[in-house]
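The structure appears right after this line, and notes come after that.
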Amino acid sequence: MSDLEIRNLHVSAEDKAILKGLDLEVSKGEIHALMGPNGSGKSTLANAIMGHPSLEVTDGEIRFGGEEITEEPPEDRARAGLFMAFQYPVAIPGVTVAKYLRMAVNAHREARGELEIKLKDFRKDAEAAMELMNIPREFSSRYLNEGFSGGEKKRMEILQLAMLRPELAVLDETDSGLDIDALRTVAEGVNKFAGPDLGILIITHYQRILHLVKPDFVHVMFDGRIVKEGGPELVETLEERGYGWIREEVEAAA
Ligand SMILES: Nc1ncnc2c1ncn2[C@@H]1O[C@H](COP(=O)(O)OP(=O)(O)OP(=O)(O)O)[C@@H](O)[C@H]1O
Ligand SMILES: [Mg+2]
41 MSDLEIRNLH
51 VSAEDKAILK
61 GLDLEVSKGE
71 IHALMGPNGS
81 GKSTLANAIM
91 GHPSLEVTDG
101 EIRFGGEEIT
111 EEPPEDRARA
121 GLFMAFQYPV
131 AIPGVTVAKY
141 LRMAVNAHRE
151 ARGELEIKLK
161 DFRKDAEAAM
171 ELMNIPREFS
181 SRYLNEGFSG
191 GEKKRMEILQ
201 LAMLRPELAV
211 LDETDSGLDI
221 DALRTVAEGV
231 NKFAGPDLGI
241 LIITHYQRIL
251 HLVKPDFVHV
261 MFDGRIVKEG
271 GPELVETLEE
281 RGYGWIREEV
291 EAAA
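The numbering of the sequence shown is my numbering, which starts it at 41 and goes up by one.
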């Protein structure tokens, strides 16, 4: 049994079908890459995994850790160990980075039946994670994502991953808009936490992050379905040949 199991998932937004029978399994210890042309439904899949309220699951199911979570609210999924780094992280006015992280960490601890983290331990963990992600200390007292540069927001997402220690992380274009050093920082952050206790689904358009965070499996999405699967070699093929040949294969099979 995989930790995340998605079967025949059909998802609509505003009555428009976006995911059209998608199957995917991700287990702890595995790194999966999800690629595919713009608009093929990658972010919608990520949002559906997290339970975004604007999406309607019209068929199929999502299971996590053996439990069906298809209709669970997002906060319960997060507490159960699902984490998502957004393609477009939102600002949270009035909530500082430190406060946000502490709330999130404590919500996770509560779900596991643990006591609130001691302030001293929280500071220590936060400082270590900020150092790892190359985020200056003064960011603790800034409002989350407000006025952050694109790269700072992406590094902040991995900082949250580091603090929350989820079982499954969905990273939606965590590499987009990063300069070369920030890309390396983000990749190092992800690699540090990759391991037997974490499954990773990394959504990306480019092979450059996949040279740093090596996927075990590569999936290609097209028009709301996964139409091709392979190993890392598939990334090179896509980079060389684009998506036209996949479109042709899909159309020929239809
Ligand atoms: N809430 C929504 N309401 C209406 N349409 C939506 C909604 N969310 C997504 N869509 C549509 O679903 C399709 C898939 O969008 P999605 O963002 O999942 O694509 P993507 O594969 O992540 O693309 P990209 O590579 O550009 O990030 C698009 O046509 C998009 O306009
Ligand atoms: Mg997207």
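Just so it is clear, CB atoms sit at the ideal spot from N, CA and C, and this is done for glycine as well.
Quick caveat: nothing in here was measured; it's all calculated off a predicted structure.
**Asked** Would the beta-carbon of A125 fall within 9 angstroms of that of T225?
**Response** Position 85 of the sequence shown, counted from the start, is the residue given in the question as residue 125. Position 185 of the sequence shown, counted from the start, is the residue given in the question as residue 225. No, these two residues do not count as a Cβ contact at 9 angstroms.
**Distance, L274 Cα to K193 Cα** = For this step, residue 193 is matched to residue 153 along the sequence shown. For this step, residue 274 is matched to residue 234 along the sequence shown. The alpha-carbon of K193 is positioned some 29 angstroms away from that of L274.
**Message:** Just to confirm my understanding: we take L184, look at its own chain, exclude 5 residues before and 5 after, and list those with CB closer than 8 angstroms. What are they?
**Reply:** Within the sequence shown, residue 184 is the residue found at index 144, counting from 1. In chain order, A131, I132, V135, T136, V137, Y140 and M196 place their CB closer than 8 angstroms to the CB of L184, counting only its own chain and leaving out the 5 sequence neighbours on each side.
**Message:** Less than 7 angstroms between C-beta atoms, sequence neighbours within five positions excluded: which residues of the same chain meet that for I58?
**Reply:** Taking the sequence shown and counting its residues from 1, the one referred to as residue 58 is at position 18. So the qualifying residues of the chain are V51, S52, G81, T84 and G264.
**Request:** Measure the Cβ-Cβ separation of V145 and D116 and say whether it is below 9 angstroms.
**Result:** Numbered from its first residue, the sequence shown carries residue 145 at position 105. Numbered from its first residue, the sequence shown carries residue 116 at position 76. When the beta-carbon positions are compared, V145 and D116 stay at least 9 angstroms from each other.
**Item:** Length-filtered (4 minimum) alpha helix (DSSP H) runs lying within the region 122-178
**Value:** Counting whole runs of 4 or more residues, the region 122-178 contains the alpha helix (DSSP H) stretches 137-151 and 159-172.
**Candidates R142, E156 and A151, of which the one nearest E167 by Cα** = Within the sequence shown, numbered from 1, the residue matching residue 167 stands at position 127. Checking every option, the nearest Cα to that of E167 belongs to R142.
**Asked** Buried or exposed: where does N87 fall if 16 or more other Cβ atoms within 10 Å of its Cβ makes it buried?
**Response** Position 47 of the sequence shown, counting from 1, holds the residue named residue 87. The C-beta of N87 has 16 or more other C-beta atoms within 10 Å across all chains shown, which makes the residue buried.
**Which of helix, strand or coil DSSP assigns to I109** = The residue labelled residue 109 in the question sits at position 69 within the sequence shown. Residue state, collapsed to three classes: coil.
**Request:** Compute the Euclidean distance between the alpha carbons of E150 and V290, then round it to the nearest angstrom.
**Result:** Indexing the sequence shown from 1 puts residue 150 at position 110. Indexing the sequence shown from 1 puts residue 290 at position 250. The straight-line gap from Cα to Cα measures roughly 46 angstroms.
**Prompt:** Between which two residues does the alpha helix (DSSP H) containing L85 stretch?
**Reply:** On the sequence shown, position 45 is the one that residue 85 refers to. Here the alpha helix (DSSP H) through L85 covers K82 to M90.
**Request:** Going by DSSP, name the residue or residues bridged to H251.
**Result:** For this step, residue 251 is matched to residue 211 along the sequence shown. BP columns for H251 are empty, so no partner.
**Prompt:** Per DSSP, F233 forms a beta bridge with which residues?
**Reply:** Numbered from its first residue, the sequence shown carries residue 233 at position 193. Within the DSSP secondary-structure output, F233 pairs in no beta bridge.
**Request:** Kindly indicate the opening and closing residues of the alpha helix (DSSP H) around D116.
**Result:** Locating residue 116 in the sequence shown gives position 76, where the first residue counts as 1. Its alpha helix (DSSP H) spans residues P114 to R119.
**Item:** A293 - DSSP class collapsed to helix/strand/coil
**Value:** Stepping through the sequence shown from its first residue, residue 293 is reached at position 253. In this structure, DSSP gives A293 a helical state, which the three-state scheme calls helix.
**Item:** Local Cβ density within 10 Å of L155, reported as buried at 16 or more and exposed below that
**Value:** Within the sequence shown, numbered from 1, the residue matching residue 155 stands at position 115. Note on L155: under 16 other CB atoms within 10 angstroms of its CB, so exposed under the neighbour-count rule.
**Asked** Can you pull every residue whose C-beta falls closer than 7 angstroms to some heavy atom of ligand 2, listed in chain order?
**Response** Those residues are K82, S83, Q127, D212, E213 and I243, given in chain order.
**Request:** Identify, in the order they occur along the chain, each residue of the same chain with its Cβ nearer than 6 angstroms to the Cβ of L250, setting aside the five sequence neighbours on each side.
**Result:** Mapped onto the sequence shown, residue 250 falls at position 210. The residues A73 and V275, in chain order, have a CB closer than 6 angstroms to that of L250 in the same chain once the five nearest residues on each side in sequence are set aside.
**Asked** If we call anything under 9 angstroms between Cβ atoms a contact, is L44 one with L64?
**Response** Position 4 of the sequence shown, counted from the start, is the residue given in the question as residue 44. Position 24 of the sequence shown, counted from the start, is the residue given in the question as residue 64. It is a contact, given that the beta carbons lie within the stated cut-off.
**Asked** Do the CB positions of K268 and I243 come within less than 9 angstroms of each other?
**Response** Walking along the sequence shown from the start, residue 268 turns up at place 228. Walking along the sequence shown from the start, residue 243 turns up at place 203. No; because the gap between Cβ atoms is not below 9 angstroms, this pair is not in contact.
**Asked** Alpha carbon to alpha carbon, what distance is there between D221 and E178?
**Response** Here residue 178 corresponds to residue number 138 of the sequence shown, with the count starting at 1. Here residue 221 corresponds to residue number 181 of the sequence shown, with the count starting at 1. Here the alpha carbon of E178 sits roughly 20 angstroms from the alpha carbon of D221.
**Request:** Quick one: residues in its chain with C-beta nearer than 6 angstroms to the C-beta of L211, no 5 flanking neighbours on either side, listed in chain order?
**Result:** Counting from 1 along the sequence shown, the entry for residue 211 is found at position 171. Around L211: A125 and I242.
**Asked** Any heavy atom of ligand 1 closer than 8 angstroms to the CB of M196?
**Response** Residue 196 sits at position 156 when you count from the first residue of the sequence shown. Judged by the Cβ position, M196 fails to qualify as a neighbour of ligand 1 at the 8 angstroms threshold, every heavy atom of the ligand being at least this far.
**Asked** What is the residue span of the alpha helix (DSSP H) that T214 lies within?
**Response** Residue numbering aside, residue 214 sits at position 174 when the sequence shown is read from its first letter. T214 -> no alpha helix (DSSP H), and no H or E assigned at all.
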